[in-house]
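Below is one structure, written out as structure tokens; comments come after it.
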Amino acid sequence: MATQANVARQVRGGRYEPLPARSRKSLLRRIGDNRTLLLMCLPAIVFFLVFSYAPMPGVWIAFTNFNYRDGIFGSPFVGLRNFEFLIQSGQLWLLTKNTILYNVAFIVLGNILQIALAIMLNEIRSKYFKKISQAAMFLPYFISVVLVGVIAFNLLNYDTGVVNALIEQSGGDPLKIYSMAGLWPIIIILFWLWQSTGYGSIVYFAAIMGIDNSLFEAAAIDGASAWQRIRYIILPSLKPTFIILLLFSLGGIMSGNFGLFWNLVGNNAALFQTTDIIETSVYRMIISQNNFTSSTAVGLYQSLFGFALVMTCNYVVRKINEDYALF
Numbered sequence: 282m283a284t285q286a287n288v289a290r291q292v293r294g295g296r297y298e299p300l301p302a303r304s305r306k307s308l309l310r311r312i313g314d315n316r317t318l319l320l321m322c323l324p325a326i327v328f329f330l331v332f333s334y335a336p337m338p339g340v341w342i343a344f345t346n347f348n349y350r351d352g353i354f355g356s357p358f359v360g361l362r363n364f365e366f367l368i369q370s371g372q373l374w375l376l377t378k379n380t381i382l383y384n385v386a387f388i389v390l391g392n393i394l395q396i397a398l399a400i401m402l403n404e405i406r407s408k409y410f411k412k413i414s415q416a417a418m419f420l421p422y423f424i425s426v427v428l429v430g431v432i433a434f435n436l437l438n439y440d441t442g443v444v445n446a447l448i449e450q451s452g453g454d455p456l457k458i459y460s461m462a463g464l465w466p467i468i469i470i471l472f473w474l475w476q477s478t479g480y481g482s483i484v485y486f487a488a489i490m491g492i493d494n495s496l497f498e499a500a501a502i503d504g505a506s507a508w509q510r511i512r513y514i515i516l517p518s519l520k521p522t523f524i525i526l527l528l529f530s531l532g533g534i535m536s537g538n539f540g541l542f543w544n545l546v547g548n549n550a551a552l553f554q555t556t557d558i559i560e561t562s563v564y565r566m567i568i569s570q571n572n573f574t575s576s577t578a579v580g581l582y583q584s585l586f587g588f589a590l591v592m593t594c595n596y597v598v599r600k601i602n603e604d605y606a607l608f
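When we follow the numbering used here, the leftmost residue of the sequence shown carries the number 282, and every step to the right adds one.
Put into structure tokens, the structure is as follows:
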């Protein structure tokens, strides 16, 4: 029976000759050959080891009745009692629902607007106007969420807010917006889109810049319109980028933007029904109730849910098209 080495052949002068066997380098030799790349990865490796892997034993708190005297591993073991409390109180379902719905809105609307913005930037012909537009769109991302909260308060507060001032000048009655829980999902989503869309469009804009110019030249020769170039060249070329970013986003679908939510809503209990997410609830548990056990249980649930979702989605994508999968 022919071996694999004999099957793999190359043509030389009409004759088949076996390919030379690949030299097998030792692990140390390969590390030495790639030492520059490994050194470049070292800061990221250290970061994840210190901030992601080293704290992992702390999840044991979720299964104990934690107290400072006995420590993490000396506190009484209570099994799943902390999870049962969260489920029975109905709080876990509310936090999960709010967190997922907000992140779905962020992912869907965010990616649509980012792609649209990147395409519009690409269609701008004036270099100077394109640079000015990019700078103006990126600026909100670098504004502190504390300042975003201040802007929102000055726009929406009952006494001196700009919105109520305009309503009163139009002959209407001012609105108590900070008591209207139903409005806040729209408000939070609008502020998030305003702050993140410009910066998020960078990846899509870079992907558009990487498209082969010969495709656009051929389309121009064939008389394709701008919309046809977008539909048949740009959008299909952005598909791999969109899928990869979608998978990354799904990994954090159980993680909320704590800074934005806390600075917009704060500790306003009237809005918790529609604005409370996992991060803000855990923060209040730790600060006000000093409840490490329930907050750790919520955090563990959040991590396991996100991990399972990423693995499932990656498996589905790999079955459809292996090139688009993360691993």
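Cβ atoms here follow ideal geometry from the backbone N, Cα and C, with glycine treated the same way. The structure displayed is predicted, hence computed values, not measured ones.
A distance below 7 Å between beta-carbons, with the five flanking residues on each side excluded, links Leu496 to the following residues of its chain, in chain order: Ile514.
Here the alpha carbon of Lys457 sits roughly 47 Å from the alpha carbon of Phe358. Secondary structure of Thr345 (DSSP, three-state): strand. Under the rule that a run must span 4 or more residues, the alpha helix (DSSP H) segments found entirely inside the stretch 332–416 read 352–355, 362–370, 372–404. Gly339 has its alpha-carbon roughly 11 Å from the corresponding atom of Phe347. Annotated three-state conformation of Ser425 is coil, per DSSP. Short of 7 Å from the beta carbon of Leu394, and not among the five residues preceding or following it, lie these beta carbons of its own chain, in chain order: Leu474, Thr478. Per the coordinates, the alpha-carbon of Arg316 lies some 43 Å from the alpha-carbon of Phe542. Taking Ile388 as reference, the option from Asn572, Asp604, Leu528, Arg565 with the minimal CA-CA separation is Leu528.
Membership of Gln570 in any alpha helix (DSSP H) is not indicated, and neither H nor E is assigned to it by DSSP. Here DSSP, grouped into helix, strand and coil, assigns Ile483 to helix. Cβ neighbours of Phe364 within its own chain (closer than 6 Å, five residues either side excluded): Ala578.
Going by C-alpha positions, Gly355 is about 52 Å away from Ala487.
When Ile400, Leu373, Ala325, Leu308 are compared, the shortest CA-CA separation from Ser576 is found for Leu373.
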